[in-house]
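Q: Sharing a structure here in structure tokens format.
There are 2 protein chains.
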Amino acid sequence: MNDFKSIGVVHSPFKVSVGMPIQPVFAEGAEGTVEVLPQYADGLRDLEGFERIWLIYWLHKAPPGPLRVIPFRDTTERGVFATRAPCRPNAIGLSCVCLLAIAGNVLTIGGMDILDGTPLLDIKPYVPKFDAFTNSRAGWCDRSPVTSRTHADDRFAQ
Amino acid sequence: MNDFKSIGVVHSPFKVSVGMPIQPVFAEGAEGTVEVLPQYADGLRDLEGFERIWLIYWLHKAPPGPLRVIPFRDTTERGVFATRAPCRPNAIGLSCVCLLAIAGNVLTIGGMDILDGTPLLDIKPYVPKFDAFTNSRAGWCDRSPVTSRTHADDRFAQ
């Protein structure tokens, strides 16, 4: 397998996963920054017109877990690939965050749902034509019995 | 950096990148399969209710590239992180594909925009509440001068 490398680091108000928003959509008011390594800063050009970006990152604090988990917003065990749980065979995180500002190699981010110190793997622009499918059926999520849970408890914590 | 591993392989009609759809939204009628390694098959439970899934994969044929590229749907050089181009510091691909069927450890996929033989890193469910932001501003993509281009040419080919 290819040797992926950190291209930067996430600075976030969240030092532990317990109590952290489980998705950007539940992280209103939670801001942070993404500090891209200087040698990659030139790749950030033209990002400023995008309202949202995808951050792809290493869930570096997620412990290994089983292939079935009870997701935060459910009461039933589900296959891990049918969930966004952090404990997965490859600990890769995906967040659609708000891009608030760019200054040099530092992006200011809204909707922060990522742990402080997280190594960044990639940034991609959010393009509605490619990414927005409002009415897509979403299996157990469409019948979620725990819609009030928006922040993490300790079930996946180290 | 963590040592990510292949959890499966993509089987696709596309043996070379030239002529391949550049996003699932341009890949109507292009079907393929994702063969998950048997040891991870149990993690696929409960995926069947999802209309779309995210595939995260290693762009294993993408050669290293510069930090500025002319994207398929543009005529101007852009920072690579403001594009979905395959040549990026970490060659990680992200596709929102249609989940058509599941049989054991094999998923049938519609909207296939991935090269045959591509190593799979992760599968996540597509959840509109987390992922669909229809009116999100999309920078240069909103003014794309090349909206007719939906399939790859040779600019990023090996």
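Chains as they are written, first to last, in my numbering: chain H, 763 to 920; chain V, 763 to 920. Heads up, the beta-carbon is just placed ideally off N, CA and C, and yes, glycines get one too.
Give, in chain order, every residue of the segment 879-913 of chain H whose Cβ lies closer than 8 Å to some Cβ of chain V.
A: 881, 883, 884, 885, 886, 887, 888, 889, 890, 891, 892, 893, 894, 895, 896, 897, 898, 899, 900, 901, 902, 903, 904
Q: If you scan the segment 829-910 of chain H from start to end, which runs of the alpha helix (DSSP H) of 4 or more residues do you find wholly inside it?
A: 890-893
Q: Determine the chain V residues that contact residue 807 of chain H at a beta-carbon separation under 7 Å, and present them in chain order.
A: 830, 840, 841, 844
Q: Spatial neighbours of residue 835 of chain H within its chain, please: C-beta separation below 6 Å, excluding the five flanking residues on both sides.
A: 906, 908, 911
Q: Excluding sequence positions up to five away, which residues of its chain have a Cβ less than 7 Å from the Cβ of residue 789 of chain V?
A: 783, 873, 874, 875
Q: Cα separation between residue 855 of chain V and residue 816 of chain H?
A: 12 Å
Q: In angstroms, rounded to a whole number, what distance separates the CA positions of residue 895 of chain V and residue 840 of chain V?
A: If I take the Cα positions, the gap works out to 23 Å.
Q: Specify the secondary structure class of residue 812 of chain H as computed by DSSP and reduced to three states.
A: Strand.
Q: Nearest to residue 919 of chain H by CA position, among H:773, H:801, H:850, is which residue?
A: H:850
Q: Work out the CA separation of residue 847 of chain H and residue 867 of chain H for me, nearest whole Å.
A: Residue 867 of chain H and residue 847 of chain H: Cα-Cα distance of roughly 30 Å.
Q: I'd like to confirm the pairing. Which residues does DSSP put opposite residue 797 of chain H in its beta bridges?
A: H:771, H:868
Q: Quick one: is residue 781 of chain H buried, meaning 16 or more other Cβ sit within 10 Å of its Cβ, or exposed?
A: Label assigned to residue 781 of chain H: exposed.
Q: Out of curiosity, what's the CA-to-CA distance linking residue 878 of chain H and residue 845 of chain V?
A: 26 Å
Q: Just tell me which of V:776, V:801, V:804 has its CA closest to the CA of residue 795 of chain V.
A: V:776
Q: What residues in the segment 850-864 of chain H have a beta carbon less than 8 Å from any beta carbon of chain V?
A: 850, 851, 852, 853, 854, 856, 858
Q: Determine the DSSP secondary structure at residue 817 of chain H, reduced to helix, strand or coil.
A: strand
Q: Using the rule of at least 16 other Cβ atoms within 10 Å of the residue's Cβ for burial, across every protein chain shown, is residue 785 of chain V buried or exposed?
A: Burial call: buried.
Q: For the candidate residues V:869, V:778, V:826, V:858, whose alpha-carbon lies nearest to that of residue 889 of chain H?
A: V:858
Q: Under 7 Å Cβ-Cβ, which residues of chain V neighbour residue 802 of chain H?
A: 829, 851
Q: So what's residue 783 of chain H in DSSP terms, helix, strand or just coil?
A: strand
Q: List the residues that DSSP assigns as beta-bridge partners of residue 913 of chain H.
A: H:783
Q: Alpha carbon to alpha carbon, how far is residue 826 of chain V from residue 813 of chain V?
A: 34 Å
Q: When you compare each of H:803, H:779, H:838 to residue 770 of chain H by their alpha carbons, which one comes out closest?
A: Nearest of H:803, H:779, H:838 to residue 770 of chain H, Cα basis: H:803.
Q: Closer than 7 Å by C-beta to residue 864 of chain V: which residues in its own chain qualify, once you throw out the five before and the five after it? Chain order, please.
A: 806, 809, 810
Q: Would residue 916 of chain V be called buried (16 or more neighbouring beta carbons within 10 Å of its own) or exposed?
A: exposed
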